[in-house]
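Let me begin by presenting the structure, written as structure tokens, before commenting on it.
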Amino acid sequence: RAYTHELASPVKDRACEVELMPPSVDEWTNWATENGIDSRIIGFLNWKPSNLHKVDFDDGQKFTTERGWERLHYLIQGLQDYKELDLVSGTAISEGIAREFTAFCKIKDSVKLEEIIKNPDKFKEVQDISIKYFVVTALAEHYKDKKVTFEKLLEISRVLDEMKCAEFIALMWKLASKYAKERFRKDFTTKDLDNPLRRKFHEYLVK
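Numbering (full-length UniProt numbering) for the sequence shown: 1 to 207.
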């Protein structure tokens with residue numbers, strides 16, 4: 001809420017009126033990857049896009065906004081304890097969404113990411129959508145940190161393609177290309193050029 005005063009007519013005539021709309025999750029993700037926002041936040045919001053911006057003057061809860069998510073990124077660096085994570089998250093976003101975010105972060109303890117990296121076909125055993133979002137965002141971050149290769153992303157993309165999970169391929173490739181632009185561009189133009197699925201993967205990338 002804010003105190004407002006009616007503008008005088010001559011002032012109104014000299015002013016421009018612009019209505020600003022919140023960004024879409026895709027637009028925000030582009031910004032977030034370029035600015036190093038925590039991949040857990042990116043994965044969570046791609047799973048639940050409606051949680052990016054929630055402002056309700058009547059429910060009495062803290063607003064959840066793009067600025068709040070950015071602030072949360074800085075607050076949670078180095079936090080390992082989930083109780084602390086939940087408490088800290090509730091200072092930047094609404095308590096309800098903070099609880100959902102903490103539950104999403106706990107997926108790390110229930111998914112064996114290294115097994116999926118070693119044997120991508122194990123991804124077919126994953127049924128929960130939230131876990132799929134967690135895994136593909138983690139894989140993109142692993143590519144950024146040179147913990148997985150471009151060829152491994154191709155292998156995992158093949159499995160996701162067999163699972164008819166185009167949206168997860170698109171997100172993984174989009175994040176990887178944003179996290180490590182030059183290396184991804186070089187890998188994409190020089191490695192595994194005969195892969196029959198490359199054209200389809202490229203389509204996912206440019207969506």
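All C-beta atoms in this analysis are idealised placements derived from N, C-alpha and C, irrespective of residue type, glycine included.
Being a predicted model, the structure only gives us computed values, none of them experimental.
Who are residue i's beta bridge partners in DSSP?
{"i": "K54", "result": "T64"}
Let me know the secondary structure DSSP gives residue i once reduced to three states.
{"i": "N119", "result": "coil"}
{"i": "T149", "result": "coil"}
{"i": "A176", "result": "helix"}
{"i": "N195", "result": "coil"}
{"i": "H142", "result": "helix"}
{"i": "R1", "result": "Note that R1 scores a pLDDT of 47, beneath 50, so its modelled location is shaky; the value from the coordinates is reported in the next line. DSSP places R1 in coil when its eight states are reduced to three."}
{"i": "V18", "result": "coil"}
{"i": "D13", "result": "helix"}
{"i": "residue 214", "result": "Residue coverage of the chain in this structure runs from 1 to 207, which leaves residue 214 outside it and unanswerable."}
{"i": "E70", "result": "helix"}
{"i": "C165", "result": "coil"}
Taking the Cβ atom as the reference point for each residue, do residue i and residue j lie within a distance shorter than 9 angstroms?
{"i": "L153", "j": "R198", "result": "no"}
{"i": "F150", "j": "D109", "result": "no"}
{"i": "F201", "j": "S157", "result": "yes"}
{"i": "L72", "j": "Y133", "result": "no"}
{"i": "E100", "j": "F44", "result": "yes"}
{"i": "W69", "j": "L87", "result": "no"}
{"i": "T33", "j": "K147", "result": "no"}
{"i": "A92", "j": "L113", "result": "no"}
{"i": "L139", "j": "A166", "result": "no"}
Identify, in the order they occur along the chain, each residue of the same chain with its Cβ nearer than 7 angstroms to the Cβ of residue i, setting aside the five sequence neighbours on each side.
{"i": "E19", "result": "none"}
{"i": "N46", "result": "V25, T29, Y133 and L171"}
{"i": "E17", "result": "none"}
{"i": "P120", "result": "E155, I156 and V159"}
Within 10 Å of its beta-carbon, does residue i have 16 or more other beta-carbons around it, so buried, or fewer, so exposed?
{"i": "R1", "result": "Unreliable placement is indicated for R1, whose pLDDT of 47 sits below 50; no coordinate value is reported for it."}
{"i": "D145", "result": "exposed"}
{"i": "V11", "result": "exposed"}
{"i": "Y143", "result": "buried"}
{"i": "G90", "result": "buried"}
{"i": "E141", "result": "buried"}
{"i": "S94", "result": "buried"}
{"i": "residue 208", "result": "Absent from the model: residue 208. The displayed extent of the chain is 1 to 207, so no value can be given."}
{"i": "I97", "result": "buried"}
{"i": "I37", "result": "buried"}
{"i": "D128", "result": "exposed"}
{"i": "D187", "result": "buried"}
{"i": "T64", "result": "buried"}
Looking only at its own chain, which residues have a Cβ that is under 8 angstroms from the Cβ of residue i, when we skip the five neighbours before and after it?
{"i": "C82", "result": "According to the sequence provided, residue 82 is Tyr. The question's Cys does not apply to it. Cβ within range, chain order: T102, C105 and K106."}
{"i": "L7", "result": "A15"}
{"i": "Y179", "result": "T33, A140, E141, Y143 and K144"}
{"i": "M21", "result": "none"}
Excluding the 5 residues preceding and the 5 following residue i in the sequence, name in chain order all residues of the same chain whose CB lies nearer than 6 angstroms to its CB.
{"i": "R40", "result": "C105"}
Using a Cβ-Cβ distance under 9 angstroms, would residue i count as near chain D?
{"i": "D109", "result": "The chain inventory of the structure shown lacks chain D, comprising one protein chain alone."}
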